[in-house]
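Report on one structure; see the data block that follows.
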Amino acid sequence: MRTMSIHSVFRCKLWLVMAMCLACLNANAQGGKGKNKKRNQPKQVKSATTKAEEEQRFMCEIFETPPQFPGGDVALMEFLKKEVRQPDEAKDVKGRVVIGVIVETSGELTHFEVLRSVHPALDKEALRVAKMMPKWIPGSIYGKLVTSRCCIIVAFKGEEKDGTGPERRDK
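Each residue of the sequence shown is one higher than the last, beginning at 6 in this note's numbering.
The following block contains the structure:
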């Protein structure tokens, strides 16, 4: 009769434990059988929110149809040209202010914030104009209207002092 060393017994037990672990992992990865399926799924917690609030919480940044100003980009540019005024305290300041907004499923704009600032007076003017905008056409995914995040860029040209500003080299 042959005797086994402690190392070979340990190796056999190790292989047996590893085989059992792999079998368990494989069974869990396949979802188990019958009654165990419910145990493997996360429990759903009921919240105190209404269905309308749940729909508003779903926010997208990638769309099938992105949100847009009524009339498209051309109408947006015309609206900005008509409404934006250069503030007196920042007459010679140039730059683009980026305003972040949320377009709700109803088309209303909410949660206005300055994402890129140029000058406090220009930021205030850009926010004023963004809050004046009419309802937008909301974005959609698979035909369903979704709440979405959007950016509005408001450009300020500034005013040249006595017409002797630096020349542009890319003309």
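Backbone N, C-alpha and C define an ideal beta-carbon position, used for all residues, glycine too.
Residue interval of the beta strand (DSSP E) (run including residue i)
i, result
"A160", "152-161"
"F3", "This structure cannot settle anything about residue 3, because the visible part of the chain is limited to 6 through 176."
Per DSSP, the bridge partner or partners of residue i
i, result
"Q73", "I142"
"V103", "R121, I158"
"V108", "L114, S153"
Best match in the options for proximity to residue i [C-alpha to C-alpha]
i, options, result
"R121", "I67, C156, L81", "C156"
"F74", "K162, P125, L132, P143", "P143"
"E113", "K18, I67, A28, K140", "K140"
"Y147", "A80, E130, E69, S111", "E69"
"A95", "H124, L150, K87", "H124"
Assigned exposure category for residue i - 16 Cβ within 10 Å defines buried
i, result
"T152", "buried"
"F161", "buried"
"K42", "At K42, the pLDDT of 49 sits below 50, so the modelled position is not reliable; the number obtained from the coordinates is stated separately. By the 10 Å Cβ count, K42 comes out exposed."
"I104", "buried"
"A135", "buried"
"E109", "buried"
"A28", "exposed"
"E83", "exposed"
"E164", "exposed"
Alpha-carbon spacing of residue i relative to residue j, whole angstroms
i, j, result
"I107", "L132", "13 Å"
"V89", "D78", "16 Å"
"I11", "M25", "21 Å"
"V102", "P72", "20 Å"
"M138", "L127", "17 Å"
"K154", "F117", "According to the sequence displayed, residue 154 carries Arg and not Lys. Answer to the nearest angstrom: the Cα atoms are 10 Å apart."
"V50", "V119", "Below a pLDDT of 50, predicted positions are generally treated as unreliable, and V50, at 41, falls in that range; the measurement from the model is reported next regardless. V50 and V119: Cα-Cα distance of roughly 36 Å."
"A80", "V159", "14 Å"
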